[in-house]
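Undergrad: Position one of the sequence shown corresponds to residue -5 (my numbering), numbered consecutively onward.
Encoded as structure tokens, here's the structure I'll be asking about.
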Amino acid sequence: MAIERTFSIIKPDATRRNLTGAINAVFESNGLRIVAQKRLWMSVAQAKKFYEVHAARPFYNDLVEFMVSGPVVVQVLEGEGAVAKNRDLMGATNPANAAEGTIRKLFAESIEANSVHGSDSAENAAVEMAYFFAGTEIVG
Ligand code: ADP
Ligand code: MG
-5 MAIERTFSII KPDATRRNLT GAINAVFESN GLRIVAQKRL WMSVAQAKKF
45 YEVHAARPFY NDLVEFMVSG PVVVQVLEGE GAVAKNRDLM GATNPANAAE
95 GTIRKLFAES IEANSVHGSD SAENAAVEMA YFFAGTEIVG
């Protein structure tokens, strides 16, 4: 499998509980390298645009409100099959359904406050990382 890059967000519920390092340790101990990272507080406009694909969903407004409720850490992760590997490490959207040892099983508070975002395809990863990082900020 090829070396890929994927986009990740450590969400406000996790930064609030000081879990950035604990989550990064899961990535790093499972073969993902953090090749870009910054902490920021999203604007409503940024969060709306980022989650535009979910605009018609009933949870959209709450999701946007949650994503701007505190700082996030946006990241680019690199490794073998990084997109799928990160989705495996994250676990199911609803922590009640997440497998043992996954980030969401370990740390998520709820289906909404579920600690991490991860791109679901290589195509979306490219779009999402370009939304937050200049090419010169991603250093493999
Ligand atoms: P994932 O983050 O696992 O890719 P989705 O793309 O389906 O999940 O949803 C994006 C985010 O929206 C989720 O991570 C979660 O924060 C929130 N979300 C998804 N489904 C629900 C729901 N039924 N109720 C509340 N929030 C939800
Ligand atoms: Mg998704």
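All C-beta atoms, glycine included, are put in the ideal place defined by N, C-alpha and C.
Tell whether a beta-carbon distance below 8 angstroms holds between V67 and A41.
TA: One-based indexing of the sequence shown puts residue 67 at position 73. One-based indexing of the sequence shown puts residue 41 at position 47. In this structure, A41 does not lie closer than 8 angstroms to V67 by Cβ.
Undergrad: May I have the straight-line CA-CA distance separating A49 from A39, to the nearest angstrom?
TA: What you label residue 49 is simply residue 55 of the sequence shown in a count that begins at 1. What you label residue 39 is simply residue 45 of the sequence shown in a count that begins at 1. Taking the straight line from one Cα to the other gives about 13 angstroms.
Undergrad: Measure the alpha-carbon distance for F53 versus G85 and round it to whole angstroms.
TA: Stepping through the sequence shown from its first residue, residue 53 is reached at position 59. Stepping through the sequence shown from its first residue, residue 85 is reached at position 91. Rounded to whole angstroms, F53 to G85 spans 20 angstroms at the Cα level.
Undergrad: Taking the alpha carbon of T9 as the point to measure from, which residue in A107, A124, D82 and M123 has its own alpha carbon closest?
TA: Counting from 1 along the sequence shown, the entry for residue 9 is found at position 15. T9 has its Cα closest to that of A107, out of A107, A124, D82 and M123.
Undergrad: In the structure shown, what three-state DSSP assignment does E22 receive?
TA: Against the sequence shown, residue 22 aligns to sequence position 28. The three-state secondary structure of E22, taken from DSSP, is helix.
Undergrad: Between which two residues does the beta strand (DSSP E) carrying I3 extend?
TA: Within the sequence shown, numbered from 1, the residue matching residue 3 stands at position 9. Looking at the DSSP string, the run of the beta strand (DSSP E) that includes I3 is I(-3) to I4.
Undergrad: Report the CB separation of N88 from I105 in whole angstroms; it is logged as a contact under 8 angstroms.
TA: Residue 88 sits at position 94 when you count from the first residue of the sequence shown. Residue 105 sits at position 111 when you count from the first residue of the sequence shown. Contact holds; Cβ gap of about 4 angstroms.
Undergrad: Look up G112 in the DSSP assignment and give the residues it is bridged to.
TA: Indexing the sequence shown from 1 puts residue 112 at position 118. In DSSP, G112 forms a bridge with S2.
Undergrad: Would you mind sorting A123 into buried or exposed? The rule is 16 or more other CB atoms within 10 Å of its CB.
TA: Position 129 of the sequence shown holds residue 123. Strictly speaking, residue 123 in this sequence is Met, with Ala absent from that position. Buried: at least 16 other Cβ atoms inside 10 Å.
Undergrad: Closer than 7 angstroms: is that where the CB of D114 sits relative to any heavy atom of ligand 2?
TA: As a first step, residue 114 must be located in the sequence shown, where it is residue number 120. Under cutoff, so the answer is yes.
Undergrad: Would DSSP call E103 helix, strand or coil?
TA: Taking the sequence shown and counting its residues from 1, one reaches residue 103 at position 109. Of the three classes helix, strand and coil, the one that applies to E103 here is coil, per DSSP.
Undergrad: Could you give the uninterrupted runs of the alpha helix (DSSP H) lying entirely in the segment 7 to 87, keeping only those of 4 residues or more?
TA: 14 to 22, 38 to 44, 54 to 61 and 76 to 84
Undergrad: Closer than 7 angstroms to a non-hydrogen atom of ligand 1 - does that hold for the CB of E103?
TA: Sequence index remark: in the sequence shown, residue 103 carries index 109 (1-based). No, Cβ of E103 sits at least 7 angstroms from all heavy atoms of ligand 1.
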